[in-house]
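Note sheet for the following structure.
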Amino acid sequence: MFVTFPITNFIHYKDFTEYDIPNDLSDKVVLITGASSGIGFESARILASRGAKVVVGIRGSRERLDKITSSIPGQVLAPAPLDLSDYDSIRSFVKALSKAGIDHFDIALFNAGRLVTQYSTNKEGIESTLATHHLGHAYLFELLTPMLLRSPGEVRVVITSSVAHIWSYSEGIRYDILREDFSPFTAYANSKLANLLYTRELSAHLEESYPGKFVVNAVHPGFVRVPVTEEKAPHFVMYDVNAGAMTTLGPAIAHDDQGGGYYLPIGYRGDWQKDSAYWWTCNDTMRNEFWEWTKTVLRKVHTDAKGEAPKGSLMLG
């Protein structure tokens, strides 16, 4: 499928900066996945500098976790490693939160991601990119639901997607990516489309179950200058890491209370019909089927682990 977008969909005037972020965020507890570098690290730095308590979910050894958290001034915690392609790791991370004295979250930034260059699957046989970017975050959200509901105010959830979603497979979402079908970029695009479909469905289901409690949005932070992209795109089309963080932080703390949206650089609320692959993202049937598939996968994962349904969970109850 050949896709064209007007250039205005990729370049927007900067309308959100650090000056728009409140100076005192000491009443906020924030979760950020993928905070070892790039947008996640910069977001953690900014929020911690304003007094927020920041919990980071990152992979690696205890030594690596401590090295990263100690490099960010403020209240920054990494209670346990978090590998979003491994559901056992996700459960262990959530259990470690209470031991670390974390009883609720006000903001969740689901930012973790990676470009998988060789075909692989997780233990459940799901292609690693989709398992990490979508299913891992969806499972984490379900396990965190009781903590999110304990927030005294409105809960903001931001899911990092990408304009790359327009280059997914011809049918849209491909659930079972086989080795012979695998392409690193197409698998990445498939997972980013998954993020958008999930965002719209999650927002709608949460509003139905908990009116006014959750504001869920997706973001395309732009082509951000981080190690994985610097060799693949010219600098003149890339944003620095701070600009990428601004797109993420806008809907997290400073924009209106409208959920179910798609934000573009830098803090610009896009239009699903104009700024996304609307033939997929605005397809009610595709979104509903994807939600039901996600629910089926996660229920099996949770049942196999003999887990109890978290209070308030949309999918695991």
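Residue numbers (full-length UniProt numbering): 1 to 317.
Don't be surprised by glycine CBs; every beta carbon is placed ideally from N, CA and C.
Small disclaimer: the values here were computed from a predicted structure and weren't measured.
Task: With 16 other Cβ atoms within 10 Å as the buried cut-off, status of LEU264 - done: buried
TODO: Could you tell me whether any Cβ in chain C is nearer than 8 Å to the Cβ of SER120?
DONE: Going by chain labels, chain C is absent from the structure shown, which holds only one protein chain.
Open item on the list: For the beta strand (DSSP E) containing TYR262, name the first residue and the last one.
Closed with: 261-264
Open item on the list: Measuring only from the beta carbon, is ASN122 closer than 7 Å to any heavy atom that is part of the ligand COA?
Closed with: Looking at this structure, you won't find the ligand COA or any other ligand, since it has none at all.
- [ ] Buried or exposed for TRP279, please, with buried defined as at least 16 other CB atoms from any protein chain shown within 10 angstroms of its CB.
- [x] exposed
- [ ] Report the three-state DSSP secondary structure of GLY101 (helix, strand or coil).
- [x] coil
TODO: Evaluate LEU115 with the Cβ neighbour count: other Cβ atoms within 10 Å of its Cβ, from every protein chain shown; 16 or more gives buried, anything less gives exposed.
DONE: exposed
TODO: State the start and end residues of the unbroken beta strand (DSSP E) segment that holds LEU143.
DONE: Premise fails: LEU143 lies in the alpha helix (DSSP H), 137-149, not in any beta strand (DSSP E).
- [ ] Rounded to whole angstroms, what's the CA-CA distance from TYR169 to SER276? Just pull it up for me.
- [x] 15 Å
Task: Top-ranked residue by Cα proximity to ALA189, from ARG174, ILE58, ILE159, THR303 - done: ARG174
Open item on the list: Just to confirm, is the Cβ distance from VAL139 to VAL29 under 8 Å?
Closed with: Per the sequence shown, the amino acid found at residue 139 is Tyr instead of Val. Not in contact: TYR139 and VAL29 (Cβ atoms no closer than 8 Å).
TODO: Can you say whether ASP86 is buried or exposed, counting buried as having 16 or more other CB atoms within 10 angstroms of its CB?
DONE: buried
TODO: Can you give me the Cβ contacts of VAL297 inside the same chain, cut-off strictly under 8 Å, excluding the 5 residues immediately before and after it?
DONE: GLU124, ILE126, LEU135
Open item on the list: Which same chain residues end up closer than 8 Å to ILE39 when comparing Cβ atoms and leaving out the 5 residues on each side of it in sequence?
Closed with: ASN111, THR160, PRO221, VAL224, VAL226, VAL241, GLY244, ALA245, THR248
Open item on the list: Going by DSSP in three states, ARG200 sits in which element: helix, strand or coil?
Closed with: helix
Open item on the list: Can you tell me where the alpha helix (DSSP H) holding ILE46 begins and where it ends?
Closed with: 38-49
- [ ] Taking all protein chains shown into account, decide if ASP106 is buried (16 or more other Cβ within 10 angstroms of its Cβ) or exposed.
- [x] buried
Open item on the list: By alpha-carbon positions, which one of VAL163, LYS99, ASN122, ILE72 ends up nearest to residue 384?
Closed with: The question about residue 384 has no answer, for the chain in this structure spans 1 to 317.
Task: Classification of TYR19 by the beta-carbon crowding that lies within 10 angstroms, buried from 16 upward - done: exposed
Task: Coarse secondary structure for ILE173, derived from DSSP in three states - done: coil
Task: Integer Cβ distance of LEU143 from PRO310, believed to fall under 8 Å - done: 6 Å
Task: Backbone secondary structure at VAL158 - three-state DSSP - done: strand
TODO: Take the Cβ of PRO79 as the centre, count every other Cβ of all protein chains shown within 10 Å, and call the residue buried at 16 or more, exposed below.
DONE: buried
- [ ] Scan the region 244-308 and note each continuous beta strand (DSSP E) run of 3 residues or more that stays entirely inside, going in chain order.
- [x] 261-264
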